[in-house]
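Residue numbers (the working numbering): -14 to 469. Shown next, in C-alpha cells, is the structure this report addresses.
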C-alpha cells in the first residue's frame, strides 16, 4: 500500500499547489483537517509523531479512528489530484484515459460512445506504437461485438494477431533488458559478475536486425538501440559504444524519430555518449555534449528537466574531475542545493562519493572522510552492491592513512577484515588485497618489504573501477619515501 507520508514527501511545488486548489474548490471552510494534515506532513518530514498530530488536529488522543480515516481521505485526494494534473501529460496517459472512458460507457451500456473512444485510443496508440495498450483496445473492441451486431470483430481480430507479434518481440527484449539494467544498476560496474544471459541477448538482437518488420517499427528500433547499447556498456567497449551512439543519434535525428513520447531515450542516448567520450578521454567533446544534453532537457516544456538534472551535473563533475578539480567541487556544491537533486536520495550517494574523491585529490583529507561518513549513513548505502561497499571501505582506510590517525586506521582495517573476509579470499580481488597490505606496511614503516609488494601490485592490470587511482597515488608516495 502507498504510504501517505512518502507520497506527500515526493510531491513537487506544482503538485502540492494543485492539491491545495482542488481541496479548497470542493470545500473552502476554515480549519480543514485534511489541509492541516497535509501542511503538517510537508513541514515536518523528519518528525512525524502521529500521537502529536492527533492531539494537534483533534485535541483528543482517543480520536485515532478519525485520524486514520482522515489519512485515507487525504491519500485518495492526492491520488485524484495527481491524475487530474497529469491526465494528458504524455501520449501514453491520453490513450489510457480513452480506454478508461470507454469502460465507463460500457458500464452505462452506451456501446456506441464506448466504441468511438476505443477507436480514438486505437488511432493514437497505433501512431505511437503502444503495443501493450493496443492489445487492451483490440480486446475491448472484440468484446463489443458480443453486445451488438453493429460492431464487426473480424478486422480487429486480425489486427490483434499482428499486434501480438510486435508485442511478443518487445516483451522478449524488455524481459532481458530489464534484468540486465537491474544487475548493472545494483553493481554500479564495481562487480565482476558474469551475466549468463548476455549471450542470449546478443543472439536475440542478431535475429531481430534481419527482420523486415523490425526495421519498419520505430518503437522496436528504439528497443534494439537500448539492448545493443547495454550490451556494449556491459562489455565496457566504450570505443564501439561511442561510435554506435554517434551514428544512431545522427540517424534518428535525421529521420525525425525523436518526439515527445520517446524524449527520454534521446536524453539517455546523450548521457551515454557523454560517459563514453569521458571513458575514451575526450574531455572537451564530452563537455560539449553535456551542454547539448542541457539544451535537450529544456525541450517539450522541460518535460524531463528535473529527472535529468542529476545526470547533467554528474556529467560536468566527471569531466571537471580530470580537467579542473576545484570547478568540479563547485558544481557538486551547487547540485546539493537543488531540490530536484535532494529528492533523488539514491543519487545523493554519488554526490558524497565524488566530493570525497575530489577532496582527497586536492589533499583535503578531513573533508574527504567527512563525505565518506555521509555516504555510509545514507539510507540506500546498505542496499548497494557488496563490492561497491568494499571499495568504499578501502578508500576510507586510505583516508585514515593520510590523516596519520593510527587508531582510526587500525579500527578501519579490523572492520574490512571482518566485513569483507569472503572477498579478500577471492583471486578476483588480488589487487585490493595487495593494496591493503601495502598500506599496512607503510603504516608500520616496514620499507624493506614494501618494494616487493609494490612491484607485485604494479604487475597486475589496472582497473577503471578504483575510486582512487591507486597506481598514481603509489607513484607519488614512493617518490616521497624514496622507494623504488
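All C-beta atoms in this analysis are idealised placements derived from N, C-alpha and C, irrespective of residue type, glycine included.
Check: Residue -14 - DSSP class collapsed to helix/strand/coil; Outcome: Bear in mind that the predicted position of residue -14 carries a pLDDT of just 45, short of 50, making it unreliable; the figure below should be weighed with that in mind. Reduced to three states, the DSSP call for residue -14 is coil.
Check: Same chain only: Cβ atoms within 8 Å of residue 177, ignoring 5 sequence neighbours per side; Outcome: For residue 177, the predicted model reports a pLDDT of 48, less than 50, meaning its position is unreliable; a value from the coordinates is still stated below. Excluding positions up to five away in sequence, the list reads 372 and 413.
Check: Beta-carbon contacts of residue 183 that lie in its chain and below 7 Å, excluding the five residues immediately before and after; Outcome: Reliability fails at residue 183, whose pLDDT of 49 lies under 50, so the model's placement of it is uncertain and the value that follows must be treated cautiously. Taken in chain order, the residues that qualify are 216 and 219.
Check: CA-to-CA distance, residue 307 to residue 242, given in whole angstroms; Outcome: 35 Å
Check: Within 8 Å, strictly: CB atoms of residue 226 and residue 271; Outcome: no
Check: With 16 other Cβ atoms within 10 Å as the buried cut-off, status of residue 447; Outcome: exposed
Check: Backbone CA spacing between residue 92 and residue 131 [nearest angstrom]; Outcome: 14 Å
Check: Assigned exposure category for residue 213 - 16 Cβ within 10 Å defines buried; Outcome: buried
Check: For residue 2, the nearest candidate out of 138, 105 and 27 (CA to CA); Outcome: 27
Check: Sequence-distant residues of its chain with Cβ nearer than 6 Å to residue 375 (five each side left out); Outcome: 405 and 408
Check: Cβ pair count under 8 Å reaching 3, the segment 426 to 444 against the segment 353 to 369; Outcome: no
Check: Environment of residue 221 [buried if 16+ CB atoms lie within 10 Å]; Outcome: exposed
Check: For residue 129 and residue 99, believed in contact at Cβ under 8 Å, the rounded distance; Outcome: 7 Å
Check: Cβ-Cβ distance between residue 96 and residue 133 below 8 Å; Outcome: yes
Check: Cut-off 6 Å between Cβ atoms - residues of its own chain near residue 83, not counting five sequence neighbours on either side; Outcome: 102, 105 and 106
Check: Minimum length 3: unbroken beta strand (DSSP E) runs contained in the segment 265 to 327; Outcome: none
Check: Residue 310 and residue 347 closer than 8 Å at C-beta; Outcome: yes
Check: Identity of the residue in 80, 137 and 153 nearest residue 122 by Cα; Outcome: 80
Check: Cutoff 8 Å; reference residue 386; Cβ partners in own chain excluding five residues on either side; Outcome: 394, 424, 427 and 428
Check: C-beta contact flag for residue 70 and residue -11 at 8 Å; Outcome: no
Check: Alpha carbon of residue 277 to alpha carbon of residue 298, nearest angstrom; Outcome: 13 Å
Check: Anticipated Cβ contact below 8 Å, residue 120 with residue 148, distance rounded; Outcome: 6 Å
Check: Residues near residue 453 by beta carbon distance below 7 Å, same chain, minus five either side; Outcome: 342, 345, 380 and 383
Check: Cβ-Cβ distance between residue 473 and residue 76 below 8 Å; Outcome: The requested residue 473 is not part of the displayed model; the chain covers only -14 to 469.
Check: Bounding residues of the alpha helix (DSSP H) (the contiguous stretch that carries residue 41); Outcome: 35 to 43
Check: Straight-line gap, residue 53 to residue 209 (C-alpha atoms, nearest Å); Outcome: 48 Å
Check: When 349, 337 and 457 are compared against residue 358, the one with the closest alpha-carbon; Outcome: 337
Check: With 16 other Cβ atoms within 10 Å as the buried cut-off, status of residue 181; Outcome: Residue confidence is low: residue 181 scores 45 on pLDDT, short of 50, so the model does not pin down where it sits. Its coordinate-derived value is still stated next. Residue 181 is exposed by the Cβ-count criterion.
Check: Pick from 135, 89 and 144 that is closest to residue 108, judged by C-alpha positions; Outcome: 144
Check: Cβ pair residue 4, residue 66 closer than 8 Å; Outcome: yes
Check: CA-to-CA distance, residue 389 to residue 355, given in whole angstroms; Outcome: 15 Å
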